[in-house]
Structures are given as C-alpha cells and as structure tokens.
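Participant: Residue numbers (the numbering used here), protein chains in the order written: chain A, 2 to 109; chain B, -11 to 547.
Virtual Cβ for every residue (Gly too), placed ideally from N, Cα, C.
Since this is a predicted model, take the numbers as computed values, not measurements.
Dumping the structure here so I can ask a few things about it.
Written out as structure tokens, the structure reads:
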C-alpha cells in the first residue's frame, strides 16, 4: 500500500516537472512561428519597395544617358560650326600678334 | 508483444519506407529536374550585355559613345486587326508595310520589327497604344561628331552570333578591350513577380568595356578634316589624306582622309571605304623621301651641305635609263642645300650613289621604311623593301628621288618625324590611355623606336628643309614670320609598267616651328586635276592647316 502510494506520488511529481517544459516548448514554437510569419511577410512586402528603388535607378540611368546624348550632340564641333554659320558668324582669318619688337614710341 | 503493437510497428515502418523511397525519388532520381523547375518558378536568369567602352578624344569628348536604343518586337497572337496594326507600325517606324505584315503573319509568339529605334520613336509607339508590342532596351553606338575620323575609329557591326563586334580602326584593334564581358543575373521574386529582398539579385561575370582616351585633338582633327575637304574640292582631286603627329611623343594628333564613310550607316558605303588609307594604302613617295636619303648621306659623312654635285648639269644615265629632273632644268655644280631646294632628281641620284646600296637599305630600315610602325590601328599594311639581290643600279638611283619604292603615309610621316625630333624615332600611337569602367586611367607612355641619325644631322637637315620652304617651289604658299621645315612631293602613279604623266599623288610633308616642332604633318592630294604638282596643291593645304595650328598652339611669328 505504502509502495503503491509512493509510486503514485512519484508519477504525479514527474508530470508536474514536465508540464512547464512542454508549455515552454509549445510557446517557443508558437512565438517563433509568429515571428517567422511576420518576418516573411515583411520581407515579401519589402520586395515592392525594392522594385520601386530598382525602377527609380533604371529611370535615372536612362535619363542620364538621354541627357548625355543630348549634351554631346549639342557640344559637338560639327553642330557648333553649323549653328554659328546659321547665325551669321564668319571665321576670323586675321591674326593679331604682339611681337617682341618695341613699339615706335618707345624706340624713340 | 501483442499483435496490436506488431501491427502498428509494421504500418509505421511501411509508411516510413514509403516516405523514404519517395524522398529518394524526388531528391536523387528527379532532383535536378525538380530543382530547375522550382528555380524557374521563383527566379529568372537574365543575360546582361556589357556596355561597350567609349572612344574619347584628348579632351574626353566621346567621338564614339553609347546611346539608349530599343528593339521593337511583337507577339502576333495578341494582335487582332493585323492590317491596321501594320499600317500604324509602318508609319511610326518608317518601315515598309509589307515587311511588318510579313512579320505579323508568322505563327510565333515573338517577332522582331525594328532594331535601334531611339527614345522619341519609342514614345510615339507608346502613344498609338497597340497591344502585343514590346521593347527591348540596349545600348548602341552614337557618334556626336558624325563622320569625324570615321576611318580612324572604325565601326561596330555584328559577329556570327549576333553580338556587337568592332571592325577596322580603333574599334577593330581594341575590340576585346572595348566590348567588355557579358554576365547574367538571377532575380528571385515572389508569386506576384516582385523581387524578394532576402535573396538579393546575384549578378556574375559582367564587366563593362574599357574606354579609350586618344591622343587625337578634336579641334585639330576637325580643322584638318575641313581644310582637307576644301583642298580636294578646290584642286579637283579624287581624294586626299592628312596626318598630324607630335614628333616628341609619337602622339597622332589628327588623321583624316576622303572619301570616307559615316559609321552610323556604314552598310550604305562601299567596303573599300572602311579601311584607313593613311595606314593601308601604299604609294611611291616621290620627292618627300629626299630628306630621308639626304640626311642618311649627311649622317654617314658622305656629303656635306656644301658638297657639289658633279653630275647635275644634264640628265643622268643609269643602267640604260635616262633620269631627268622634274622640270628638265639642270644646275651645274649645285650643292646639297640647293638639291633639296630645287628638288633636283639628278642631285639625289648622286647622293644615292654616294650612299651605296647597303647603306641605303640600312638607313631606310633605321627610319622604319619597310617595317610596321606598330601603330595601334587595325589594317596597317607593310610594303617590304626589296631583297638585296633584287636591287639594280637604276633602283638605287630612282629610290634617291622616291620612285621604285613604296611606303604607307604613316611610315613616311613617322620617318620624317625622326628628323623633327632631333634624330629620335618614336612609335606612333593613337591611344594615350585606357579608362577602366570604374574610372581608373592607365596612360600609355611614349616609346622610342630608334635613333636613325644624330641630332647634329637632324639640325642640319632641318635648316636645309627650312631653306627649301623659304626659297623652293612652294615658297609662295609659306607662312611669313614662321620657320617651317618641309618638302614637296609629286609622285607619278605607275600604271601597267609605266608612269601616267597626267596623274600624280601630290604631297607636302613638314614640321613647325622648325627649332622646336609642335607637329609634323603630311598632306596628300590624290590625282589633283587643277595642277599635278605638290607645290601647287598639297603645299597650300599644308600651310593653311599649319597657320591655324600655330595660332591654336599660341605660337607667335619669330620674324
């Protein structure tokens, strides 16, 4: 009887010890699952932001390339000479040179 | 153990074995296939084409740059009214309607309609809002200065696999450096096709092409090209070329030739226009070779400027041929200064005979004649000197005045720059530096090819050439106040074993300022019709360019 009672007491105290552990593990599993769900959700929605950033980079690069093309076209000597001619500019063929010879006034 | 336990154990073992065998099937037998299938569902591999490097002049201006262009394609299965779509597309794209209709009638999901359309055309395409039309963006070559230095730059075409490939000139010579290396990127995305941040895109292998920074001065190139074109028109010539070089470094400052082509639409031009005649054409240099022969004899101590020519009073007979002067005027006991001044062929026969065959070949070789200049351009031709046993006595005599010997313009320009540079011959080059995609510039240092003559000989020869400019046949065109060293040349064109008396290659080679040369220039006018002489065609073009060059460099007249 005594033995039987002792055995019953031992099983009861073992169950009491394992219950918090089980609760701990179950809680951990639930918490980690929730965390994973939240993180995954965040990551997948961040993809939209990333997509937007990539689109922006792409459009800026394109704008830069288009502006570069226009800039080089406008600053090409071929274009400048043609525009200058249209505007009535003529080539200056005379050269003004300051020689080492002393001016007449100083010579005297 | 009761039968229940055994039964449960058996069932569980069976299920476990079943799972294990299925896992083996999925992971080992079908592993690769399923992995590829999965990857195709959540990721896409995109090929990345490298951006071709630019070709920039010395002021970092891209004479061959890149622009965004598009390939227009269609999915014929998504286009309802193909007749209407063909009409609209033909109008916007500027393509024949029949060609568009033919493409749209194909039983395919993807057909190309037109490549290399610009951004404006793409916007126009968007406005008509046709279903089943798409665009593929890529970079294509863009030439802001149009056909400036076209034969120097070359062009970009396609290779056998449809990839960009450079042909001729710099595009051909530096193709591997300019084209870079293609790569690929794996993009991980979610069910909606949006990229996932946790799996960053991994690009591998892609390296954009390096850019070339040339020694070509854009202003000088533009100036030379314009003046050459005017000269060709003025003298009714069939073509011409000009090369300008810095003798101290070997930097090519300008190189131009006509007729030329437009690299934007190279397909519309004849194939023979693609090559750069300044490095690919050979011709008999005529009198422009005389300074090389004379300086060789001066350097060898066989003649001095005051040496009198004992055979210059009449035509010279060599090997059964009578050799005349260009104008049949003969000067008894003329000295070496006047031989160059009058461009006296009989005087040069005397010098060549004094020099002898072995020394002639040796000096010409030292000047780089008959050898590659190793200029960094695709298509350089090397006309070799004849083997020693094939030289006859008349060949030695005629080589003295530039007949019976072939050179390329670059060979002659480079050899002549040896005189301008105090006897030191530099390797000509067009690329001054290479710029990596991350902006780092590696300069290419000048390289000495040899020292064919002493600096003392070079100085003496320079004075003889200054005298030739001031008092020779081209003195009417000279620049007053400047000391320019130079020599005219009128080379006959050999046709079917004899020389055509009415067709010549007129040229002028020179450098300025004579005491500290900033440039050496060779002007060649091909078959001028207004006059056959270099003094009356190439020389005025030379001095016209030289005048602007001296002004560009800010060099005032000395006298």
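Could you say which of B:463, B:67 and B:404 lies nearest to residue 273 of chain B if we only look at CA atoms?
Facilitator: Out of B:463, B:67 and B:404, B:404 has the C-alpha closest to the C-alpha of residue 273 of chain B.
Participant: Where DSSP assigns a beta bridge to residue 62 of chain B, which residues make up the other side?
Facilitator: Answer by DSSP bridge pairing, in chain order: B:99 and B:121.
Participant: Output the residue ranges of the alpha helix (DSSP H) runs that lie fully inside the region 341 to 366 of chain B and measure 4 residues or longer, sorted by chain position.
Facilitator: Segments of the alpha helix (DSSP H) lying fully in the region 341 to 366 of chain B: there are none.
Participant: Below 8 Å between beta carbons: does that hold for residue 56 of chain B and residue 66 of chain A?
Facilitator: Their beta carbons are under 8 Å apart, which means residue 56 of chain B touches residue 66 of chain A by this criterion.
Participant: Among B:527, B:540, B:80 and B:169, whose alpha-carbon lies nearest the alpha-carbon of residue 216 of chain B?
Facilitator: Comparing Cα-Cα distances from residue 216 of chain B to each of B:527, B:540, B:80 and B:169, the minimum goes to B:527.
Participant: Find the nearest neighbour of residue 498 of chain B within the set B:430, B:470 and B:107, judged by alpha-carbon distance.
Facilitator: Of the candidates B:430, B:470 and B:107, the one whose C-alpha sits nearest the C-alpha of residue 498 of chain B is B:470.
Participant: Hey, does residue 186 of chain B have any beta-carbon neighbour from chain A nearer than 8 Å?
Facilitator: Confidence in residue 186 of chain B is poor, its pLDDT being 46 and thus under 50, which makes the residue's placement unreliable; the coordinate value appears in the next sentence. Yes, residue 186 of chain B counts as interfacial toward chain A.
Participant: Can you tell me whether DSSP reads residue 505 of chain B as helix, strand or coil?
Facilitator: Correct three-state label for residue 505 of chain B: coil.
Participant: In or out: residue 62 of chain B buried (at least 16 other Cβ within 10 Å) or exposed?
Facilitator: Classification of residue 62 of chain B: buried, given that the 10 Å Cβ count is 16 or more.
Participant: Between the beta-carbon of residue 244 of chain B and the beta-carbon of residue 230 of chain B, is there less than 8 Å?
Facilitator: Yes, the Cβ-Cβ distance between residue 244 of chain B and residue 230 of chain B is below 8 Å.
Participant: State the CB to CB distance for the pair residue 158 of chain B and residue 418 of chain B, rounded to an integer number of angstroms; the pair is presumed to be in contact (CB under 8 Å).
Facilitator: Their Cβ separation, rounded to whole angstroms, is 7 Å, which keeps residue 158 of chain B and residue 418 of chain B in contact under 8 Å.
Participant: Kindly say whether residue 78 of chain A, judged by its beta-carbon, lies nearer than 8 Å to any beta-carbon of chain E.
Facilitator: You won't find chain E in this structure, because its protein chains are A and B.
Participant: Look up residue 430 of chain B in the DSSP assignment and give the residues it is bridged to.
Facilitator: Answer by DSSP bridge pairing, in chain order: B:422.
Participant: For residue 412 of chain B, report the span of its beta strand (DSSP E) as first-last.
Facilitator: Note, residue 412 of chain B: premise wrong, no beta strand (DSSP E); not H, not E.
Participant: Compare the beta carbon distance of residue 529 of chain B and residue 543 of chain B with 8 Å and say whether it is the shorter of the two.
Facilitator: No. Outside cutoff.
Participant: Under a three-way DSSP split, which group does residue 482 of chain B fall into?
Facilitator: In the structure shown, residue 482 of chain B sits in a strand (DSSP, three-state: E or B).
Participant: Under 6 Å Cβ to Cβ from residue 532 of chain B, same chain only, skipping five residues before and after it: list those, please.
Facilitator: Cβ within range, chain order: 215.
Participant: Please check if any C-beta of chain B sits within less than 8 Å of the C-beta of residue 67 of chain A.
Facilitator: Judged by the 8 Å Cβ criterion, residue 67 of chain A is in contact with chain B.
Participant: Kindly list, in the order they appear in chain B, the residues whose Cβ is closer than 7 Å to that of residue 96 of chain A.
Facilitator: Near residue 96 of chain A (Cβ distances below 7 Å), the residues of chain B are 539.
Participant: Taking a contact to mean a Cβ-Cβ separation below 8 Å, would you say residue 264 of chain B touches residue 139 of chain B in this structure?
Facilitator: A contact, by the Cβ cut-off of 8 Å.
Participant: Can you tell me where the beta strand (DSSP E) with residue 145 of chain B in it begins and where it stops?
Facilitator: 143 to 146 is the span of the beta strand (DSSP E), which, as asked, contains residue 145 of chain B.
Participant: Do residue 399 of chain B and residue 361 of chain B have their CB atoms nearer than 8 Å?
Facilitator: Taking 8 Å as the Cβ cut-off, residue 399 of chain B and residue 361 of chain B qualify as a contacting pair.
Participant: Kindly indicate which residue of B:416, B:429 and B:424 has the alpha-carbon position closest to the one of residue 435 of chain B.
Facilitator: Of B:416, B:429 and B:424, the residue nearest in Cα terms is B:416.
Participant: Within 8 Å of any Cβ in chain B, is that where the Cβ of residue 5 of chain A sits?
Facilitator: Low local confidence applies: a pLDDT of 44 at residue 5 of chain A is under 50, so the model's placement there is unreliable, with the coordinate-based value given in what follows. No, residue 5 of chain A does not count as interfacial toward chain B.
Participant: Within 10 angstroms of the Cβ of residue 160 of chain B, are there 16 or more other Cβ atoms? Answer buried if so, exposed if not.
Facilitator: Buried, since its Cβ has 16 or more Cβ neighbours within 10 Å.
Participant: Can you check whether the C-beta of residue 498 of chain B is within less than 8 Å of a C-beta belonging to chain A?
Facilitator: Chain A, which has no Cβ nearer than 8 Å to the Cβ of residue 498 of chain B, makes this no.
Participant: Assuming contact is defined by CB atoms lying nearer than 8 Å, are residue 197 of chain B and residue 171 of chain B in contact in what I supplied?
Facilitator: No. Outside cutoff.
Participant: Does any CB atom of chain B fall closer than 8 Å to the CB of residue 73 of chain A?
Facilitator: Yes, because at least one Cβ of chain B sits closer than 8 Å to the Cβ of residue 73 of chain A.
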